[in-house]
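Single-structure report; data block below.
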């Protein structure tokens, strides 16, 4: 599974760790980056011509990773400057397109927290391109709209909307509970909450390891962060609705509203 690692862990790794900065190019160049990091801006992989939700096609993804010097056996660490949500999207994309999740790592914190205590650099590293090939995984957490609709009536499952409360109130999939992805983030450290605190937040929303968790947002970005956190915390059954509300509404499926508390 994709894990969440500390800045100390990253600093102790050797040159074999491929570090990916998913911020905009001007941030990477102008504000500096982690030593050895390559830049793969979020907009280059956030949408593509793939057939499922917002995923890029196999060829698009292989081209990006090849240019970044990443191969199928690479250990990858990703980070951003927004509590890890964009970096998580990169890592989940890698997992869904077949990269070994045991080799995927999210920086606990982000560039701002790293920069406070550790060195950065401004020069891009020399990268030797690879020939990355996508190998579809044997199993996948991806689910379709029918599975999502059924989850609301399944006592062994919990359907989770990871958007903000105003968005949820304006219209959500019937039966979904609200968990703003940022509720699992520590504003001070910019990383995830301590384990027991995170589990308490989840339990208060009815999200427990014994249940199958089905995640959605608008475009699969925010659920990427929640997915990584849940798997890191030991949740075994976590489903990922890649199409999210973009697909749900395009199919003219029902929504329900609620009052903002």
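Numbering (my numbering), first residue to last: -11 to 249.
Even glycine gets a Cβ: it sits at the ideal position worked out from N, Cα and C.
The structure presented is a predicted model; accordingly, all values stated were derived computationally and were not measured.
Check, Outcome
"Beta-carbon proximity of residue 241 to residue 133, cut-off 8 Å", "yes"
"Distance between residue 106 and residue 288 (C-alpha atoms, nearest Å)", "Because the chain is modelled from -11 through 249, residue 288 falls outside the range shown and cannot be assessed."
"Extent of the continuous alpha helix (DSSP H) run through residue 213", "210 to 220"
"Cβ pair residue 96, residue -6 closer than 8 Å", "yes"
"Simplified DSSP assignment, three categories, for residue 91", "helix"
"Contact under 8 Å by Cβ, residue 205 with residue 170", "no"
"Cβ-based neighbour list, residue 75, same chain, cut-off 8 Å, excluding 5 preceding and 5 following", "8, 10, 66, 67, 68, 94, 95 and 98"
"Residue 235 burial status per 10 Å Cβ neighbour count (16 or more: buried)", "buried"
"Distance CB(residue 42)-CB(residue 230) smaller than 8 Å", "yes"
"Residue 175 versus residue 122 - alpha carbon distance", "36 Å"
"For residue 84 and residue 15, the rounded distance between their alpha carbons", "27 Å"
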